[in-house]
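Enquirer: Protein chains in written order, with our numbering: chain U, 1324 to 1527; chain F, 501 to 682.
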């Protein structure tokens, strides 16, 4: 390969890749018949490309492609929900505490509560918080979330020990009344959802 | 590369508007290509699977940033390349020892050699390339992309993409030739 040919190496790669015009391809074809070095170089390129076609990509496991969009949405959604929860959770917790304080302020002190009542009240509070969080007012979209994705809220709730401590100080009667109030709230919320669902769509 | 450019632009516009169907169509159309690209750069199936998912999570969450200045295809490829390069920097991928590339051209002529073994040898040769040359070579050789498309995906000039490709081809040729002479 003389110096002139050496400058054309890039073009020889294009030649092997079939990227040149028909005219230029013909010229190089003619050149290869007279230049052994260029012919050897082109042959070497062809063998290299031929071998490289053997570099195949392994197939992902069955179901990978089918469930890819769903996994992407779950992952993207989990990130969004996590961010929304971080934004709204303190507000929700604060709202619950305020509700509790207001409610307690309207009632006289009473004897200590039982463990069962405390647990019931805690669970009811948790339900309320989840219910509030799920409401359209806060636009937190838990309804379509996978169960494991709600664990981030559960983790947050488990950290709100002050709310649970507050519940722990309730008397039997207070706890009973509180649970009844929560039931009413949840029923009201369900009623609102039902009304929204049942609302007739506006005809065009 | 993109035969139905009108449809492609339309898909990009719909995706940018947050159309969920457009996202499904985008995944269906490009996920395989993205996976192949990720695998050829990362050389690890599990990492390529994870990376493909990460790429489409980025596409899903950042769809509004697609302005249509490049094609949707090269926009997605650019996301994939950036994420792969970033991943490689973190993991400091061990390169395949040169000895494993030995005898590849002879192996090619010998039909008795296991096909899988040949694949591993070739993978070793490709693995010798620096990541950017590997990426350019992959897009050019396996995806048949034009240098303009490659330059858009890489964020480089057309000349830069072409030079990288020629370096990659020449380097692969020398690696395989050297290996064959052992």
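Every residue, glycine too, gets a C-beta built ideally from N, C-alpha and C. On a predicted model such as this, the values are computed, not experimentally measured, just so you know.
Could you have a look at residue 1418/U and say whether DSSP puts it in helix, strand or coil?
Expert: Residue state, collapsed to three classes: helix.
Enquirer: Evaluate residue 1378/U with the Cβ neighbour count: other Cβ atoms within 10 Å of its Cβ, from every protein chain shown; 16 or more gives buried, anything less gives exposed.
Expert: Its Cβ being crowded by 16 or more others within 10 Å, residue 1378/U is buried.
Enquirer: So, is the C-beta of residue 1372/U closer than 9 Å to a C-beta in chain F?
Expert: Interface residue, yes.
Enquirer: On a Cα-Cα basis, can you pick out the residue from 647/F, 673/F, 674/F that is closest to residue 663/F?
Expert: It is 647/F.
Enquirer: Mind listing the chain U neighbours of residue 580/F? Cutoff is C-beta to C-beta under 9 Å, in chain order.
Expert: Under the 9 Å cutoff, chain U gives no residues; its nearest Cβ is about 14 Å from residue 580/F.
Enquirer: Ignoring anything shorter than 4 residues or poking outside the region 515 to 587 of chain F, list the alpha helix (DSSP H) runs there in chain order.
Expert: The region 515 to 587 of chain F contains these whole alpha helix (DSSP H) runs: 520 to 542, 545 to 561.
Enquirer: At a Cβ threshold of 9 Å, is residue 556/F touching chain U?
Expert: Yes - at least one Cβ of chain U is within 9 Å of the one on residue 556/F.
Enquirer: Output, in sequence order along the chain, the residues in the region 1335 to 1354 of chain U whose CB is closer than 7 Å to any CB in chain F.
Expert: Of all residues in the region 1335 to 1354 of chain U, 1336 have a Cβ within less than 7 Å of some Cβ in chain F.
Enquirer: Taking the CB atoms as reference points, tell me whether residue 641/F and residue 629/F lie closer together than 9 Å.
Expert: Contact flag unset, no.
Enquirer: Could you have a look at residue 590/F and say whether DSSP puts it in helix, strand or coil?
Expert: Helix at residue 590/F.
Enquirer: What number of angstroms, rounded off, separates the C-alpha of residue 1461/U from the C-alpha of residue 1400/U?
Expert: At residue 1461/U, the pLDDT of 41 sits below 50, so the modelled position is not reliable; the number obtained from the coordinates is stated separately. Those two C-alpha atoms are separated by around 16 Å.
Enquirer: Taking the straight line between their C-alpha atoms, what separation do you get for residue 1351/U and residue 553/F?
Expert: Their backbone Cα atoms lie some 45 Å apart in a straight line.
Enquirer: Report yes or no: do the region 541 to 550 of chain F and the region 1381 to 1390 of chain U share at least 3 C-beta pairs separated by less than 8 Å?
Expert: With the cut-off at 8 Å, the region 541 to 550 of chain F and the region 1381 to 1390 of chain U touch.
Enquirer: Should residue 577/F be flagged as near chain U, meaning a C-beta pair shorter than 9 Å?
Expert: No, because no Cβ of chain U sits closer than 9 Å to the Cβ of residue 577/F.
Enquirer: Please say whether residue 1365/U and residue 1335/U have beta carbons closer to each other than 9 Å?
Expert: In contact: residue 1335/U and residue 1365/U (Cβ atoms closer than 9 Å).
Enquirer: Rounded C-beta distance between residue 580/F and residue 527/F? I'm assuming under 8 Å.
Expert: Actually they do not touch by this definition, with Cβ atoms about 13 Å apart.
Enquirer: Output, in chain order, the set of chain U residues within a Cβ distance shorter than 7 Å of residue 622/F.
Expert: Residues of chain U passing the Cβ test: 1374, 1375, 1377, 1378.
Enquirer: With distances taken Cα to Cα, identify the nearest neighbour of residue 631/F among 543/F, 525/F, 524/F.
Expert: The shortest Cα separation from residue 631/F among 543/F, 525/F, 524/F belongs to 543/F.
Enquirer: Quick check: is the beta carbon of residue 1368/U nearer than 9 Å to any beta carbon in chain F?
Expert: Output row for residue 1368/U: interface = yes.
Enquirer: Please state the DSSP three-state secondary structure of residue 1499/U.
Expert: DSSP places residue 1499/U in helix when its eight states are reduced to three.
Enquirer: With distances taken between CB atoms, is the gap from residue 639/F to residue 650/F smaller than 9 Å?
Expert: Yes, the pair counts as a contact, with Cβ atoms nearer than the cut-off.
Enquirer: Which residue from 625/F, 653/F, 518/F, 567/F puts its Cα closest to that of residue 1372/U?
Expert: Taking only the C-alpha atoms, the option nearest residue 1372/U is 625/F.
Enquirer: 9 Å is my cut-off, CB to CB: does residue 649/F come that close to chain U?
Expert: No, its Cβ sits nowhere closer than 9 Å to a Cβ of chain U.
Enquirer: Between residue 1381/U and chain F, is there a C-beta pair that is closer than 9 Å?
Expert: Taking Cβ atoms only, chain F reaches closer than 9 Å to residue 1381/U, which makes this a yes.
Enquirer: Answer with buried or exposed for residue 672/F, where buried requires no fewer than 16 other C-beta atoms within 10 angstroms of its C-beta.
Expert: So residue 672/F ends up on the buried side.
Enquirer: Determine whether the Cβ of residue 1399/U lies closer than 9 Å to any Cβ atom of chain F.
Expert: Yes, residue 1399/U lies at the interface with chain F (some Cβ there is under 9 Å from its Cβ).
Enquirer: How is residue 659/F classed by DSSP in three states: helix, strand or coil?
Expert: Helix.
Enquirer: Identify which residue in 1397/U, 1343/U, 1380/U, 1338/U has its Cα closest to the Cα of residue 1362/U.
Expert: For the residues 1397/U, 1343/U, 1380/U, 1338/U, the minimum Cα distance to residue 1362/U belongs to 1338/U.
Enquirer: Suppose you measure from the CA of residue 1369/U to the CA of residue 635/F; what does that come to, to the nearest Å?
Expert: Rounded to whole angstroms, residue 1369/U to residue 635/F spans 20 Å at the Cα level.
Enquirer: Below 9 Å between beta carbons: does that hold for residue 572/F and residue 511/F?
Expert: In this structure, residue 511/F lies closer than 9 Å to residue 572/F by Cβ.
Enquirer: Reducing DSSP to helix, strand and coil, say where residue 1367/U ends up.
Expert: If DSSP states are grouped into helix, strand and coil, residue 1367/U belongs with the helices.
Enquirer: Name the chain U residues whose beta carbon is nearer than 7 Å to that of residue 676/F?
Expert: Per Cβ cutoff of 7 Å: 1371, 1374.
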